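Asker: Residue numbers (my numbering), protein chains in the order written: chain A, 648 to 763; chain B, 3 to 117. Glycine is no exception: its CB is placed at the ideal position from the N, C-alpha and C atoms. Every value quoted in this text rests on a predicted model; they were computed, and no experiment measured them. I'd like to ask some things about the structure below.
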Amino acid sequence: AQSVTQLGSHVSVSEGALVLLRCNYSSSVPPYLFWYVQYPNQGLQLLLKYTSAATLVKGINGFEAEFKKSETSFHLTKPSAHMSDAAEYFCAVTSHVRSNTGKLIFGQGTTLQVKP
Amino acid sequence: EAEVAQSPRYKITEKSQAVAFWCDPISGHATLYWYRQILGQGPELLVQFQDESVVDDSQLPKDRFSAERLKGVDSTLKIQPAELGDSAMYLCASSRLAGFQETQYFGPGTRLLVL
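Shown next, in the form of structure tokens:
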């Protein structure tokens, strides 16, 4: 069964500083991994996804993530934080139980705070 | 840009009452998902539709929850009777096809408060 663990429920950075949000996955098969962002009282917006084409995945708003099979990790980074990046971030993996299902299994989320 | 529509955005109800949520997926998307997100947690799948058929409802509390997608387009999720523990955000998502590589696009959600 697939699962996702996000290390750190709350991360605080200064504006302009590096953002690093950690995600580790567990999967018995090659995983498909996603990062979503959620602003208060809104739905989830896709930041980026890994589908085995390339280990370094670039997403929207300057975010990127690197798939490391040896570490079972898919950490999200951004070189310079902006105030507008303050939100909740979710890492997710899709279930491979059946090929016709696309169930997303989410981590608990990480709240990113950006200080001026 | 096409979006997933949901209504209402907010719903307050008393326990034992019935509530219903509506979702209109992106046009042409065959697969529709309902997730529940409890405050402070990640979303969890309640039910997945492929066209009008249920593909996965293993996590749907069937004694009180029901979902339908009669014409394979929009969908309704119902709770009857509502309980205090049902307070959560209910998110609808759609994807072009079913499958673990497909991107799911989420609507703005319906926030439910049960008093």
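Report all residues from its chain with a CB closer than 8 angstroms to the CB of L99(B); omit the five preceding and five following residues, and keep chain order.
Answerer: A32 and T33
Asker: Using CA atoms only, rank isn't needed, just tell me which of E104(B), G87(B), S29(B) and Q50(B) is closest to S18(B).
Answerer: G87(B)
Asker: On the three-pair Cβ rule with 8 angstroms, is the stretch 648-666 of chain A touching the stretch 53-68 of chain B?
Answerer: no
Asker: For a test of the three-state rule: what should DSSP assign to S720(A), helix, strand or coil?
Answerer: strand
Asker: Please state whether the Cβ-Cβ distance between Y679(A) and T724(A) is less than 7 angstroms.
Answerer: Result no, Cβ atoms of Y679(A) and T724(A) do not sit closer than 7 angstroms.
Asker: Please name the residue, chosen from G101(B), A4(B) and L117(B), that lies closest to T698(A) on a Cα-to-Cα basis.
Answerer: G101(B)
Asker: Only counting the same chain, and skipping five residues up and downstream in sequence, which positions put a Cβ closer than 6 angstroms to that of G756(A)?
Answerer: E735 and F737
Asker: Mark T748(A) as exposed unless 16 or more other C-beta atoms lie within 10 angstroms of its C-beta, in which case mark it buried.
Answerer: buried
Asker: What would DSSP say about S707(A), mapped onto helix, strand or coil?
Answerer: For clarity, residue 707(A) is Ile in the given sequence; the question names Ser instead. In the structure shown, I707(A) sits in a helix (DSSP, three-state: H, G or I).
Asker: Please name the residue or residues paired with Q39(B) in a DSSP beta bridge.
Answerer: M91(B)
Asker: Using only the heavy atoms of the ligand SAM, determine whether one of them is closer than 6 angstroms to the beta carbon of G655(A).
Answerer: This structure does not include the ligand SAM; it has no bound ligands of any sort.
Asker: So, with DSSP's three-state summary, where would you put S96(B)?
Answerer: strand
Asker: Starting from S68(B) and walking both ways along the beta strand (DSSP E), at which residues does that stretch end?
Answerer: F67 to E70
Asker: Along the beta strand (DSSP E) that carries K762(A), what are the first and last residues, could you check?
Answerer: For K762(A), the enclosing beta strand (DSSP E) stretches over residues T757 to K762.
Asker: Would Q760(A) pass as an interface residue toward chain B - the criterion being a Cβ-Cβ separation below 7 angstroms?
Answerer: no
Asker: Within the same chain, show all residues whose beta-carbon is closer than 8 angstroms to that of D732(A), passing over the 5 residues directly before and after it, in chain order.
Answerer: V666, N708, K725, L759 and V761
Asker: By how many angstroms is the C-alpha of S727(A) removed from the C-alpha of S659(A)?
Answerer: 13 angstroms
Asker: Which residues in the same chain have their Cβ closer than 6 angstroms to the Cβ of P83(B), if we skip the five residues on either side of it in sequence?
Answerer: S18
Asker: Taking a Cβ distance cut-off of 8 angstroms, strictly less, list which residues of the stretch 696-723 of chain A are near chain B, in chain order.
Answerer: K696 and T698
Asker: By the 7 angstroms beta-carbon criterion, what residues does the stretch 54-83 of chain B contribute toward chain A?
Answerer: V57 and D58
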